[in-house]
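Chains as they are written, first to last, in this note's numbering: chain A, 1 to 403; chain B, 404 to 793.
All C-beta atoms, glycine included, are put in the ideal place defined by N, C-alpha and C.
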Amino acid sequence: MTTVVAMSGGVDSSTAAALLVESNSATTPLPDSAGESHPRVVGLTMQLWNQRRLPRLLGLEEGTATPGHASGRCCSLDDTHDARRVADHLGIPYYVVNFEKPFEEGVVRPFVERYLAGETPIPCSLCNTEIKFAKLIETALQLGAERVATGHYARLRRDEETGRYRLLAGVDRAKDQSYFLFGLTQEQLARSVFPLGEMTKEEVRAAARARNLPVAEKPESQEICFVPSRSYREFIEAYLAEQGQALAEPPGEIVSTDGRVLGEHQGLHHFTIGQRKGLGIAVGAPLYVIEIDRTRNRAVVGPDAELFRRRFVARDVNWIRPVAQGESFEAHVKIRNKHVPAPARVAAAFRPPELDGRLKAAATGAEAFVEFVQPQRAITPGQAAVFYAGDEVLGGGWIARVL
Amino acid sequence: MRRVYLDNNATTPLAAEVFEAMRPFYLEDYGNASSIHWYGQRAKAAMETAREQVARLINCRPSEVVFTSGGTEADNAALVGMEAARAESRHVVTTAIEHHAVLHTAKALEKRGVRVTYVRVGLSGVVDPADVERAVRPETVLISIMHANNELGTIQPLEEIGRVARDRDIYFHTDAVQSVGKIPVDVEKLGVDLLSLSAHKLYGPKGVGALFVRKGTILRPLLYGGHHERDRRPGTENVPGIVGLGKAAELAREHMAEDTTRMSALRDRLEQGILRSVPLVTVNGDPQRRLPNTTSLAFDYIEGEGFVIAMDLRGVACSTGAACSSGSLEPSHVLAAMGKTPEQARSSIRFSLGRFTTAEDIDQTLEIVPAVAEQLRAVSPHYRKAGARD
């Protein structure tokens with residue numbers, strides 16, 4: 001059994017690779033019938049995005065880089081130099097594979113399109129389903145490997161009765177990345193390995209140190225890999241400029257929730273739900289963006305209390321645990337990466353997908369209605385909503401409409 | 404795992420004799436070739452011997468050999484040096500299938516206002532001298548056309564092109580990095596004024612090469628410094644490297660006939676073996692006019708990148724094209740210029756044999772290629788679809 005390990009050059013995927021090499025060497029069978037002994041672990045780095053394409057953003061990065069805090073993102077900018085050093089240290093074959101084209105088509109462009117449609121998209125989940133667990137598994141099969149390992153903090157269980165795979169949160173709840181993995185199909189889960197699922201971040205770092213991994217002390221990156229400045233808007237403007245398009249968004253009204261015009265905005269892409277700064281209006285109490293109304297080109301603002309909502313619809317839902325159409329159940333629902341899952345009632349539904357610029361692959365037609373027990377702050381279209389039963393990921397989708 | 408190296412167009416192993424020839428110039432005769440004393444004289448003498456060895460290989464005078472840091476520098480020195488030395492004649496003719504060392508230099512010249520014509524090639528990968536003739540203008544200062552293409556191995560008709568250049572009094576440069584040492588290269592027969600070569604393609608060390616500059620050719624140097632290399636290339640000479648290049652050139656002369664016979668037989672055995680055992684494979688470029696060691700094959704429904712990695716995991720080193728382009732998104736500019744689709748270009752694999760390639764190496768490769776091809780095709784949705792149609 002040969003396993004491909006996705007190596008970003010960070011401490012997590014490097015440690016995952018190290019652990020995999022050890023567990024494999026413990027169980028490595030004799031050379032196969034042809035007398036060949038093939039490598040059991042192969043390191044791959046996916047080259048996803050060429051930062052030099054948008055140099056303006058790199059210049060920006062220096063001025064706006066902020067010191068890191070606990071992990072905020074799914075993965076960091078690929079660092080092939082560090083990944084190569086680690087692979088050399090572990091004595092495994094290592095290659096860089098170029099996925100720039102599928103990444104741009106499957107992740108960056110949908111990200112830009114959804115943003116321009118008034119959403120606040122999270123590209124990492126899309127990257128996992130479209131790239132890491134689709135293209136990478138394909139590449140693994142091309143190389144004669146059967147499985148793909150990553151450094152995600154998540155666990156997999158195989159249900160012996162049904163043969164289905166269950167996806168569980170990582171043991172380290174602060175580092176848990178199951179939120180980003182809701183889109184994995186059974187076929188993808190069957191080929192996945194998460195060596196860090198049972199470990200805490202501290203244990204991972206200790207394991208890296210114990211093995212003298214050259215990246216053991218490397219700080220974590222906080223960026224979305226292709227948005228170096230951490231400013232979506234800057235990225236989208238630069239990306240559109242590169243494509244020869246201007247970000248032409250007409251000015252419009254900023255209105256209160258009861259319809260009063262409070263001011264003018266210079267294009268809706270300046271806003272995201274829950275945003276307070278940069279509204280350009282001065283009223284007594286602090287105002288937040290409550291809603292982005294594309295059809296009327298309006299930003300709706302109001303006091304913090306109005307950010308709290310109970311109901312939304314998720315589209316393109318992927319059910320990891322099978323759910324019948326019309327079935328409804330209690331679950332804990334997580335609506336952004338740093339959100340603590342909150343109790344809700346989830347009802348599965350189906351609607352024929354409208355292929356409006358979304359990826360066909362992601363357009364499953366499966367929807368879910370979610371109603372929280374307590375209103376939640378800033379339910380944001382474009383973010384992923386993931387349904388949990390305790391540790392287990394039942395499924396998830398993309399927040400489409402807040403009701 | 405027994406490993407097989409079939410990427411000799413990327414680089415060759417150092418010949419043991421070359422290594423031995425170089426060794427004393429690191430440890431004992433370490434003088435600066437410009438120094439007056441005994442140490443300097445030893446280094447200088449060795450360097451001049453190397454110059455003679457290189458000159459003999461390409462049939463020029465020793466004084467026409469300028470040592471450089473390699474093929475890329477030699478190409479740059481020829482193109483940039485030619486342009487910088489002339490104020491008026493500002494047109495260059497080259498081809499769309501040059502190595503990036505020429506192609507990207509030409510692009511840089513364009514930014515400085517030089518006009519460049521990129522002559523196209525057909526599916527054979529061979530330049531038509533008539534196209535070169537048509538591309539020439541009264542203000543053309545330089546024609547730069549590679550001798551043998553690194554990806555395909557195709558050999559260009561330099562003699563005919565040389566006549567075009569000579570008739571019109573245009574300087575003629577060739578990037579002969581892939582041909583020198585593999586096939587006879589004679590600057591007189593080819594009619595070239597400038598020729599780039601590199602040591603590590605002929606079992607010499609990396610980081611050293613040479614530019615042949617025909618006597619009387621005016622070039623402005625790329626770098627400024629001391630009076631080394633008759634003011635053509637400043638900087639303390641890489642004496643061990645130059646000695647290695649000289650020895651490699653001498654060995655190439657001795658081995659060429661034998662290497663050619665043996666390598667082309669092994670290459671044909673590999674090519675025929677693959678064509679027999681794997682369906683949907685075609686040879687890229689002219690199968691006659693090419694280097695004895697190279698074959699470029701298009702495997703339909705196969706991603707070249709995956710193929711190379713899968714082969715490497717089984718111990719065989721080959722490549723998708725130029726090593727310098729590995730990891731780049733764009734499919735080979737050479738295959739694109741020949742009119743291949745991006746899919747065909749991405750499915751192309753280059754095997755390049757060397758002096759040390761054995762029949763056992765070829766047999767081992769032939770054993771695994773069908774399995775690797777099948778493994779990759781099994782993952783290709785297009786292949787499955789095409790299979791269902793049959």
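query	result
Span of the alpha helix (DSSP H) around B:PRO734	Segment: none, B:PRO734 is in no alpha helix (DSSP H) and carries neither H nor E.
Chain-order list of residues whose beta-carbon lies under 6 Å from that of A:ALA248 (same chain, five-residue window excluded)	none
Alpha carbon of B:GLU431 to alpha carbon of A:LYS175, nearest angstrom	59 Å
Cα-Cα separation between A:GLY408 and A:ALA348, rounded to whole angstroms	With chain A represented from 1 up to 403, any question about residue 408 of chain A goes unanswered, as that position is not in the structure.
Beta-carbon neighbours of A:GLU327, restricted to chain B and to distances below 9 Å	Simply none; closest approach about 33 Å.
Min CB distance B:GLN778 to chain A below 8 Å	yes
Rounded straight-line distance, which links the Cα of B:ARG459 to that of B:ARG623	26 Å
Contact with chain B by A:GLN142, beta-carbon distance below 8 Å	yes
Rounded C-alpha distance that separates A:ALA87 from A:MET7	9 Å
Where B:LYS788 sits in the DSSP three-state scheme	helix
Alpha-carbon spacing of A:SER328 relative to A:GLY91, whole angstroms	50 Å
Listed by chain order, chain A residues near B:THR763 by CB distance under 9 Å	Rather than Thr, the amino acid found at residue 763 of chain B in this sequence is Glu. Within 9 Å Cβ-Cβ: nothing; B:GLU763 doesn't reach chain A, min ~15 Å.
Boundaries of the beta strand (DSSP E) in which B:LEU545 is found, first to last residue	543 to 547
B:TRP441 (DSSP reduced to helix, strand or coil)	helix
For B:GLN581 and B:ASN435, believed in contact at Cβ under 8 Å, the rounded distance	32 Å between Cβ atoms; not a contact.
Distance, B:LEU625 Cα to B:ALA774 Cα	49 Å
B:LEU600 in three-state terms, based on DSSP	strand
CA nearest to the CA of B:GLY742, picked from B:GLY528, B:ALA781 and B:THR760	B:GLY528
Beta strand (DSSP E) runs contained entirely in the region 293 to 366 of chain A, provided each spans 3 or more residues	298 to 302, 308 to 319, 328 to 334 and 342 to 350
Where B:ASP572 sits in the DSSP three-state scheme	coil
Span of the alpha helix (DSSP H), counted from its first residue to its last, around A:THR139	136 to 142
Cβ-based burial, A:GLY259 [other Cβ within 10 Å; buried from 16]	exposed
Delimiting residues of the beta strand (DSSP E) encompassing A:GLU264	261 to 265
Alpha-carbon to alpha-carbon, B:PHE428 and B:ILE439	17 Å
Length of the line joining the Cα atoms of A:ASN24 and A:ARG40	7 Å
For A:TRP398 and B:VAL524, the rounded distance between their alpha carbons	50 Å
Buried or exposed (CB count within 10 angstroms, at least 16 for buried), A:VAL5	buried
Contact with chain B by A:SER33, beta-carbon distance below 8 Å	Note that A:SER33 has pLDDT 43, beneath the 50 cutoff, so the model's placement of it is unreliable and the number below is only indicative. Not an interface residue.
Where A:ASP12 falls, given that 16 or more other Cβ within 10 Å makes a residue buried	buried
Within-8 Å CB hit, A:VAL97 to chain B	yes
Selection of the region 135 to 162 of chain A by Cβ proximity to chain B, strictly under 8 Å	GLU138, THR139, LEU141, GLN142, LEU143 and GLY144
CB contact below 8 Å: B:ALA789 versus chain A	no
Own chain partners of A:ALA140 with C-beta closer than 6 Å, once the 5 adjacent residues on each side are dropped	VAL4 and VAL148
Start-to-end residues for the beta strand (DSSP E) that takes in A:GLY395	392 to 402
Run of the alpha helix (DSSP H) containing A:ALA186, from where it starts to where it stops	Looking at the sequence shown, residue 186 of chain A is not Ala but Gln. First-last of the alpha helix (DSSP H) with A:GLN186: 186 to 190.
Exposure label - A:GLY63; buried when at least 16 CB within 10 Å	Unreliable placement is indicated for A:GLY63, whose pLDDT of 36 sits below 50; the coordinate value is still reported in the next sentence. It is exposed - the Cβ of A:GLY63 has fewer than 16 other Cβ atoms within 10 Å.
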